[in-house]
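> Take a look at this one; I'll ask things after.
There are 2 protein chains.
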Amino acid sequence: MQESFSFFNIQEAAIRLAGSIVRTPLLESPMLNQVAGCRVLVKAESLQRTGAFKYRGALNKLLSLPKDIRQRGVVAFSSGNHGHALAAAASEVGCPVVIVLPKDAAAIKIENCRWWGAEIVLYDPETEDREEVGRRVAGPRNMLVVPPFDDYDIIAGQGTAGLELAEQLSERGIQPDVFIVPCSGGGLASGSTAAMRHTYPDLPCFFVEPAGLEKMAPSVREGTPQKRPAGSPTIMDGLSGPVAGARTSKILRECEAVGLSVSDDEVLDAMAVAFRYLKLVLEPAGAATLAAVLRRKADFEGKTVAVICSGGNVDPSVFMRALHAS
Amino acid sequence: MQESFSFFNIQEAAIRLAGSIVRTPLLESPMLNQVAGCRVLVKAESLQRTGAFKYRGALNKLLSLPKDIRQRGVVAFSSGNHGHALAAAASEVGCPVVIVLPKDAAAIKIENCRWWGAEIVLYDPETEDREEVGRRVAGPRNMLVVPPFDDYDIIAGQGTAGLELAEQLSERGIQPDVFIVPCSGGGLASGSTAAMRHTYPDLPCFFVEPAGLEKMAPSVREGTPQKRPAGSPTIMDGLSGPVAGARTSKILRECEAVGLSVSDDEVLDAMAVAFRYLKLVLEPAGAATLAAVLRRKADFEGKTVAVICSGGNVDPSVFMRALHAS
């Protein structure tokens, strides 16, 4: 088992994933720059396979497994992008996969997992414990549980988004002043921040969380992973997981990353801005970094700001809410 | 003056434009493939600068002009993507530009041109002749009128989209069975079809027009450029220009390209499909090729179909109509 993490893991992941993932474009709009008061470079992970960066980590995990473990198959607990991405990655490498979902999960999310050939197990969150349900299904088959973020292979896979971003900036001769990434458990945030800091050692790095539901900012501050505080629900479902990761928060702390917070309204506004100037469909979590820039959550004026917009899996009704509000 | 056209012109344009345009991604969704009943590869020109392929041709035109002509400046008659793209390209190369627009043009389109520093001249389409207005403004300054499509530098610039597409297919080892491009005056259609046929000499090529407003199909059939027939208005404003080009229709005829037609409802449905599976914001004209595939306008079953989705400049209200209808 690998017990430490370095930039080398991300480079290895990039080689492993080459040709199987989308090298998502780095987009810029002069009009958006004027609105933001700084130069904004957007890494559009919404255009990644399955509509979110999660596919990078899931596929890297499966490709990193010994053949016999892969053949027995994998399990995920997820009603969101992680389950969808793992189901798609398992289909790509041809391994069995079970996704354990609460029975009240959105029909579209269940369908997405099933579409890729995953075995779906529904449980009742009122009366059943999902870990126990997972063990019952996967235990006899000796299947491996793939965690959503706090795993070095997952972190390295998500980190390839940051590595590509650094390459794309360098190809264009652009020197970033700031890097901003969305953050829930911290897989994407830690991996891509590590990749960016390797290329730009003193780069100020920020991660963005839903206002009132911050868990990574206190984790980084205190040096131990914290739970999400009780608070109002958010439309940023991709950023509202229950807990920050131990490995991920450690990496972000080492990178001196700083937390920023955005509200639902700010994110809806950013989704409309991405629609208008970038022609991107972003989900609320995917627009959080752009919201942080547009609402000047730190001093970005006149700076060159590289951001990751992490996904585009949004219901039409939520997207229309963003367009209506604009 | 250049009086003939070859693949070499497109290659030259690609070299001229390198680094100044977005190499737009080629996207694929296995779920979309299943819905379409064929393998669909989408060249997302909606992610091009100014939100449409038009920037390629406009910038190539300006970069091809002798320095003295460029310094005197250029004029365009356009209330759509051509004017916006020429204004942006003129800003890039630092040359004066006048955009002549009907005074009832959408405010957003006027603002877009002005944003880039263009001089805006409004005329009354009821009482004034736009050519005369243009001559009055540009004549004394000896400015050059840049036509929207029937010009070999414009055609070559738009053709770089097809050249990139051929390169991207080849990089992935994909052999296309069919190529489909949207068509109004025919700049993009002729240029990119010529590029694709140079790489794949026997490739069946199709161009897509709004049903009931076909002008290129009869132009290609009869060998002379035809006017748009009188018909109901369409939401595909990017495909409803008054006339097909002479040069563009000749190139399409030489490439044995075949016309297909799609309705507004079919295009709205394709916009919703692009939102759901590709996370792309497409304008109606930009979704026309995808509509042709989804509605099986020719026999694409089981084939590998490469399409250009040409732009994403769409009002929120029209986009919401597409999402509502889905």
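Here the protein sequences line up with chains A and B, keeping their order. The opening residue of the first sequence carries number 1 in our numbering; numbering runs sequentially from there. The opening residue of the second sequence carries number 327 in our numbering; numbering runs sequentially from there. All C-beta atoms, glycine included, are put in the ideal place defined by N, C-alpha and C. This structure is a prediction, so every number in the text was calculated from the model and none was measured.
(1) Between the alpha carbons of G212 (chain A) and S4 (chain A), how many angstroms are there, rounded?
(2) Counting contacts by CB-CB distance shorter than 8 Å, is K605 (chain B) in contact with chain A?
(3) Are there three or more Cβ pairs, one per stretch, closer than 8 Å when the stretch 351-360 of chain B is compared with the stretch 578-597 of chain B?
(4) Return helix, strand or coil for R573 (chain B), following the three-state DSSP convention.
(5) From C183 (chain A) to E580 (chain B), what does the alpha carbon distance come to, in whole angstroms?
(6) By Cβ distance below 6 Å, which residues in the same chain neighbour Y449 (chain B) in space, the five residues on each side in sequence not counted?
(7) By the criterion of Cβ-Cβ separation under 9 Å, what are the contact partners of G94 (chain A) in chain B?
(8) Keeping to the same chain, check which residues put their C-beta closer than 7 Å to that of A287 (chain A); ignore five residues upstream and five downstream.
(9) Is the distance from the Cβ of V607 (chain B) to the Cβ of L280 (chain A) below 8 Å?
(10) For the stretch 171-180 of chain A against the stretch 67-83 of chain A, do three or more pairs of beta-carbon atoms, one drawn from each stretch, fall closer than 8 Å, so that the two count as touching?
(11) Can you list, in chain order, the residues of its chain with a C-beta nearer than 7 Å to that of G311 (chain A)? Leave out the 5 residues immediately preceding and following it.
(12) Out of B:M562, B:M542 and B:T519, which one is the CA nearest neighbour of V644 (chain B)?
(13) Going along chain A, which residues have a C-beta under 9 Å from M646 (chain B)?
(14) Considering only the beta carbon of each residue, do A464 (chain B) and V471 (chain B) sit closer than 8 Å?
(15) With three or more beta-carbon pairs closer than 8 Å as the criterion, would you say the stretch 194-206 of chain A touches the stretch 215-224 of chain A?
(16) Does the beta carbon of L188 (chain A) sit closer than 8 Å to a beta carbon anywhere in chain B?
(17) If you measure from the CB of V569 (chain B), is any heavy atom of the ligand MG nearer than 7 Å?
(18) Give a yes or no on whether the C-beta atoms belonging to L86 (chain A) and V74 (chain A) are separated by under 8 Å.
(19) When we look at the beta-carbon of T127 (chain A) and count the other beta-carbons within 10 Å, is it buried (16 or more) or exposed?
(20) If you drop the 5 nearest sequence neighbours on each side, which residues of the same chain put their C-beta closer than 6 Å to that of C205 (chain A)?
(21) CB K623 (chain B) to CB D503 (chain B), shorter than 8 Å?
(22) For L27 (chain A), return the contacting residues in chain B, with the cut-off set at a CB-CB distance below 9 Å.
(23) Would G488 (chain B) pass as an interface residue toward chain A - the criterion being a Cβ-Cβ separation below 8 Å?
(24) Taking CB distances under 8 Å as the criterion, tell me whether M357 (chain B) reaches chain A.
(25) Do T486 (chain B) and A384 (chain B) count as a contact pair if the criterion is CB distance below 8 Å?
(26) Judging by CA-CA distance, which residue of A:A292, A:G185, A:R70 and A:V121 is the nearest neighbour of A244 (chain A)?
(27) Exposed or buried, which one is D151 (chain A) when buried takes at least 16 other CB atoms within 10 Å?
(28) So, does the CB of G377 (chain B) fall closer than 8 Å to a CB anywhere in chain A?
(29) List, in order along the chain, the chain B residues whose C-beta lies closer than 7 Å to that of G312 (chain A)?
(30) In angstroms, rounded to a whole number, what distance separates the CA positions of A89 (chain A) and F149 (chain A)?
(31) Going by the DSSP bridge assignment, what does V588 (chain B) pair with across the sheet?
(32) May I have the straight-line CA-CA distance separating I347 (chain B) from A118 (chain A), to the nearest angstrom?
(33) Enumerate, from N- to C-terminal direction, the unbroken alpha helix (DSSP H) stretches of 4 or more residues contained entirely within the stretch 606-637 of chain B.
(34) From N60 (chain A) to K553 (chain B), what does the alpha carbon distance come to, in whole angstroms?
(35) Step through the CB atoms of chain C and report whether any lies within less than 8 Å of the CB of F179 (chain A).
The answer reads as follows:
(1) Straight-line Cα distance between these residues: approximately 32 Å.
(2) yes
(3) no
(4) If DSSP states are grouped into helix, strand and coil, R573 (chain B) belongs with the helices.
(5) 54 Å
(6) R456 and V459
(7) Here the premise fails: no neighbours, minimum Cβ distance about 14 Å.
(8) V267, A270, M271, A274 and C309
(9) yes
(10) no
(11) E45, S46, G51, A52, F53, N81, G238, E283, A285 and G286
(12) B:M562
(13) P316, F319, M320, L323 and H324
(14) yes
(15) no
(16) no
(17) This structure lacks the ligand MG, and indeed carries no ligand of any kind.
(18) yes
(19) Counting Cβ neighbours within 10 Å, T127 (chain A) comes out exposed, since fewer than 16 surround it.
(20) F179, T193, C255 and A257
(21) no
(22) V348 and L373
(23) no
(24) yes
(25) no
(26) A:G185
(27) buried
(28) yes
(29) K605
(30) 15 Å
(31) B:P536
(32) The alpha-carbon atoms of I347 (chain B) and A118 (chain A) are separated by roughly 40 Å.
(33) 614-620
(34) 55 Å
(35) Any reference to chain C falls outside this structure, whose protein chains are A and B.
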